[in-house]
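Notes to accompany the following structure.
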Amino acid sequence: MADLPIHTIVFEILTRVPTKDVGRSKSVCKQWYALLSTKDFVRIHCSRSLVSSNQRVLLIDDLTCSVRPIIFQSDDYGPRSIVTFPFHHQNNDVSILSHLNGLLCVCLNHTYELLLWNPTTTAFKRLSTPDSHGFYINNLDVVGLYVDADDDYKVLHIKRRSGVLGVHVYSREVDSWRNIPFITRQEYLSPHFNWSAGTFCGGTLYFIVCECWLGGTKRVICFDVNSEQFKEISFPPVPSTGMVQGVLVNVKNELHMFASTGMFEMTIDLWTLQGDYWIKVLSCPPIPPISLSLWCDITHYVTNGNWFVMTKLGKLFTIEMDMKPFECFYPVTWFRGFKGAVFVETIVSPSI
2 MADLPIHTIV FEILTRVPTK DVGRSKSVCK QWYALLSTKD FVRIHCSRSL
52 VSSNQRVLLI DDLTCSVRPI IFQSDDYGPR SIVTFPFHHQ NNDVSILSHL
102 NGLLCVCLNH TYELLLWNPT TTAFKRLSTP DSHGFYINNL DVVGLYVDAD
152 DDYKVLHIKR RSGVLGVHVY SREVDSWRNI PFITRQEYLS PHFNWSAGTF
202 CGGTLYFIVC ECWLGGTKRV ICFDVNSEQF KEISFPPVPS TGMVQGVLVN
252 VKNELHMFAS TGMFEMTIDL WTLQGDYWIK VLSCPPIPPI SLSLWCDITH
302 YVTNGNWFVM TKLGKLFTIE MDMKPFECFY PVTWFRGFKG AVFVETIVSP
352 SI
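Residues 2 to 353, numbered by our numbering, are exactly what the sequence shown covers, in order.
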């Protein structure tokens, strides 16, 4: 260590400090400000920040927006901190559509505008343009946030407007939108099909496309973020009786799906994608009966060999698992009437 240049030592130390301390460190001197603003510093600091202790839950209701830490020891949420939106809104009418590396892609429901927002640094960027790019309509549009091989953060926006399709990509690097072709079945673009938000994993954005939760066609659409090509793969082979619901999650850069089946008693299977095929990782017995409204607002995480099923109010119940432990939260957009997301505190900026 004594033989290393002081610049390298400072760099290594500062890439390990908490996210909120980085902002304060920028005011130390001009050299530190320049160092902490480089792409290399942001990238390495972000990679070292993607740990469970930096995960937070952001919850939005009609009156407040708050952030809570996640306490793995007690399997619950910690004390809340009130967050003030840095952009204009009406009665907290903000929907969270996607998130990645501390950035949230959100929609202002009263204007339909898309924004990129880092709730930790409070920085944000409007994505709407005078030529009608960057406007989102709920139940018709879908977005996915990703980063390409050149470390450029991008937003894929699929728009369905009265039978007219538009697929657009926003680049943070060049601050502009462009059109790309959609190469897969055109019927998936019908309003009769519901799309999940995009889940980024291993250089691909994945979307679940379903015709109906009760029966109907269910597929997974894959978007290669570097070749910008679409393809489709099958849904896991789960029973088709009753309601079928799938939720995608990135677990240590491997794609998993929580597949729920049933009606009055729901069964959850965990699947992992290997190549283009789904392999079942585990099954749990039918869970205790709960209301459909509460069922639709559940989030899951797995840590220390246990599978915790959570709501906004805290832990609902626990499933013990016999598998290699790992830590993850699956990103959700609703917590029982609250809008919210699970995110990681980073210094990644929504603009260059």
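From the three backbone atoms N, C-alpha and C, an ideal C-beta is built for every residue, glycine too.
Whole-Å CB distance - THR205 paired with ASP176, under 8 Å assumed: Walking along the sequence shown from the start, residue 205 turns up at place 204. Walking along the sequence shown from the start, residue 176 turns up at place 175. Not really, about 24 Å apart at Cβ, beyond 8 Å.
Taking a contact to mean a Cβ-Cβ separation below 8 Å, would you say THR438 touches THR347 in this structure? The structure shown does not extend to residue 438, since the chain is modelled only from 2 to 353, so the question has no answer here.
As an exercise, report each continuous alpha helix (DSSP H) stretch of at least 4 residues that is fully enclosed by the region 188-241, in chain order. Segments of the alpha helix (DSSP H) lying fully in the region 188-241: there are none.
Can you look up MET44 in the DSSP assignment and give me helix, strand or coil? Within the sequence shown, the letter at position 43 stands for residue 44. The question names Met, but residue 44 is Arg in the sequence shown. ARG44: helix per DSSP, three-state reduction.
Looking at the secondary structure, which residues open and close the beta strand (DSSP E) in which GLY103 lies? Taking the sequence shown and counting its residues from 1, the one referred to as residue 103 is at position 102. Where GLY103 is concerned, there is no enclosing beta strand (DSSP E), given that its DSSP letter is neither H nor E.
Would DSSP call ALA342 helix, strand or coil? Mapped onto the sequence shown, residue 342 falls at position 341. Residue state, collapsed to three classes: strand.
So THR200 packs on ASN251, CB below 8 Å; how close in whole Å? Residue 200 sits at position 199 when you count from the first residue of the sequence shown. Residue 251 sits at position 250 when you count from the first residue of the sequence shown. That pair is a contact at about 6 Å.
Nearest by alpha-carbon distance to PHE194: which of ILE159, SER228 and GLU174 is it? As a working note, residue 194 is residue 193 in the sequence shown. Per the Cα distances, ILE159.
Among ARG161, GLU188 and TYR147, which one has its Cα closest to the Cα of VAL170? Taking the first residue of the sequence shown as 1, we reach residue 170 at position 169. For the options ARG161, GLU188 and TYR147, the alpha carbon positioned closest to that of VAL170 is the one of TYR147.
Residue range of the beta strand (DSSP E) that THR20 falls in? Against the sequence shown, residue 20 aligns to sequence position 19. Note, THR20: premise wrong, no beta strand (DSSP E); alpha helix (DSSP H) at 20-26.
For the region 92-102 against the region 57-69, do three or more pairs of beta-carbon atoms, one drawn from each stretch, fall closer than 8 Å, so that the two count as touching? yes
Distance, Cα to Cα, ASN139 vs TRP118? Within the sequence shown, numbered from 1, the residue matching residue 139 stands at position 138. Within the sequence shown, numbered from 1, the residue matching residue 118 stands at position 117. So the alpha carbons of these two residues sit roughly 19 Å apart.
Hey, could you find the ends of the alpha helix (DSSP H) LEU15 is sitting in? Here residue 15 refers to the residue found at position 14 when the sequence shown is read from its first residue. First-last of the alpha helix (DSSP H) with LEU15: 7-15.
Own chain, CB closer than 6 Å to LYS232, minus 5 neighbours either side, in chain order: For the purposes of this step, residue 232 is taken as the residue at position 231 of the sequence shown. The residues are CYS223.
Under 8 Å, with one C-beta from each stretch per pair, do the region 130-139 and the region 109-116 reach the 3-pair mark? As far as the Cβ criterion goes, the region 130-139 touches the region 109-116, which means the pair count is three or higher.
Where GLN56 falls: helix, strand or coil (DSSP): By 1-based counting over the sequence shown, the position of residue 56 is 55. Strand.
Measuring straight from C-alpha to C-alpha, what distance separates VAL221 and VAL29? By 1-based counting over the sequence shown, the position of residue 221 is 220. By 1-based counting over the sequence shown, the position of residue 29 is 28. Each residue's alpha carbon lies about 49 Å from the other.
What distance in whole Å lies between the Cβ atoms of THR123 and PRO80, which are believed to be in contact at a cut-off of 8 Å? For this step, residue 80 is matched to residue 79 along the sequence shown. For this step, residue 123 is matched to residue 122 along the sequence shown. PRO80 to THR123, Cβ: 20 Å. No contact.
Going by beta-carbon coordinates alone, are LEU157 and VAL144 separated by less than 8 Å? For the purposes of this step, residue 157 is taken as the residue at position 156 of the sequence shown. For the purposes of this step, residue 144 is taken as the residue at position 143 of the sequence shown. The answer is yes: Cβ separation under 8 Å.
Name the one or two DSSP bridge partners that PHE86 has. The count along the sequence shown starts at 1 and reaches residue 86 at position 85. DSSP, once it has assigned bridges, lists no residue as partnering PHE86.
According to the neighbour-count rule (16 or more other Cβ atoms, all chains shown, within 10 Å of its Cβ), is THR16 buried or exposed? Stepping through the sequence shown from its first residue, residue 16 is reached at position 15. Flag for THR16 reads buried.
Beta-carbon separation of PHE208 and SER197 under 8 Å? Sequence index remark: in the sequence shown, residue 208 carries index 207 (1-based). Sequence index remark: in the sequence shown, residue 197 carries index 196 (1-based). Yes. Within cutoff.
Tell me the rounded alpha-carbon separation between PRO238 and GLN187. Locating residue 238 in the sequence shown gives position 237, where the first residue counts as 1. Locating residue 187 in the sequence shown gives position 186, where the first residue counts as 1. C-alpha separation (whole angstroms): 24 Å.
Check whether the Cβ atoms of ASN227 and ASP149 lie closer than 8 Å to each other. Here residue 227 is taken as the residue at index 226 of the sequence shown, counted from 1. Here residue 149 is taken as the residue at index 148 of the sequence shown, counted from 1. Their beta carbons are under 8 Å apart, which means ASN227 touches ASP149 by this criterion.
Those residues which DSSP pairs with ASP63 across a bridge: Taking the sequence shown and counting its residues from 1, one reaches residue 63 at position 62. In the DSSP output, where bridge partners are listed per residue, ASP63 has none listed.
Taking all protein chains shown into account, decide if CYS213 is buried (16 or more other Cβ within 10 angstroms of its Cβ) or exposed. Start at 1 with the first residue of the sequence shown, and residue 213 comes out as number 212. Result: exposed.
LEU32, enclosing alpha helix (DSSP H) - first and last residue: Counting from 1 along the sequence shown, the entry for residue 32 is found at position 31. As written in the sequence, residue 32 is Gln, which differs from the Leu given in the question. First-last of the alpha helix (DSSP H) with GLN32: 31-37.
Using a Cβ-Cβ cutoff of less than 8 Å, which residues in the same chain neighbour PRO6 once the five nearest sequence positions on both sides are dropped? As a position in the sequence shown, residue 6 is number 5, starting the count at 1. Around PRO6: no qualifying Cβ.
What separation, rounded to the nearest whole angstrom, lies between the Cα atoms of THR130 and ASP41? Your numbering for residue 130 matches position 129 in the sequence shown. Your numbering for residue 41 matches position 40 in the sequence shown. Their backbone Cα atoms lie some 30 Å apart in a straight line.
Mapping the DSSP letters down to three states, classify ARG173 as helix, strand or coil. Counting from 1 along the sequence shown, the entry for residue 173 is found at position 172. Correct three-state label for ARG173: coil.
Is the distance from the Cβ of PRO351 to the Cβ of PHE183 below 8 Å? As a first step, residue 351 must be located in the sequence shown, where it is residue number 350. As a first step, residue 183 must be located in the sequence shown, where it is residue number 182. Contact: no.
With a cut-off of 8 Å on the beta carbons, I'd call GLY217 and CYS211 a contact; round off their distance for me. On the sequence shown, residue 217 is found 216 positions in, with the first residue counted as 1. On the sequence shown, residue 211 is found 210 positions in, with the first residue counted as 1. That pair is a contact at about 6 Å.
With a threshold of 7 Å on Cβ separation, who are the neighbours of LYS281 within its own chain once the five nearest residues in sequence on each side are excluded? As a working note, residue 281 is residue 280 in the sequence shown. So the qualifying residues of the chain are ASP270 and TRP272.
Min CB distance ARG127 to chain C below 8 Å: Of the protein chains in this structure there is only one, and it is not chain C.
Run the CB neighbour count on TYR331, radius 10 Å, all protein chains shown included, and call it buried at 16 or more, exposed below. As a working note, residue 331 is residue 330 in the sequence shown. For TYR331, the predicted structure reports a pLDDT of 35, less than 50, and the residue's modelled location is therefore unreliable. The matter cannot be settled from this model.
Rounded to whole angstroms, what's the CA-CA distance from ASN93 to SER82? Just pull it up for me. Indexing the sequence shown from 1 puts residue 93 at position 92. Indexing the sequence shown from 1 puts residue 82 at position 81. Whole-angstrom Cα-Cα distance: 16 Å.
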